[in-house]
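Residue numbers (the numbering used here): 1 to 64.
Cβ coordinates follow ideal geometry from the N, Cα and C atoms, glycine included.
Every value quoted in this text rests on a predicted model; they were computed, and no experiment measured them.
Right, here's the structure in full:
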């Protein structure tokens with residue numbers, strides 16, 4: 001069971017890092033001097049963030 005918990009922690013950390021990177025990219029791409037991302041791309045970025053956050057919530061919630 002410890003290996004599963006270790007894997008869960010690693011996945012959690014990697015997802016958090018991905019979210020941070022995507023948010024940083026989104027924030028950079030939408031600054032006044034750099035508004036080059038299309039709205040559909042921004043929506044996809046937000047959808048990816050939401051999907052990752054949902055996975056993290058499932059990992060964090062106790063097994064039923």
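Residue 42 and residue 30 do touch by the CB rule: their CB atoms are close to 7 Å apart, below 8 Å.
Secondary structure of residue 43 (DSSP, three-state): helix. Residue nearest to residue 45 within the set 20, 60 and 8 is 20 (criterion: CA-CA distance). Contact annotation: residue 12 and residue 59 have beta-carbon atoms nearer than 8 Å.
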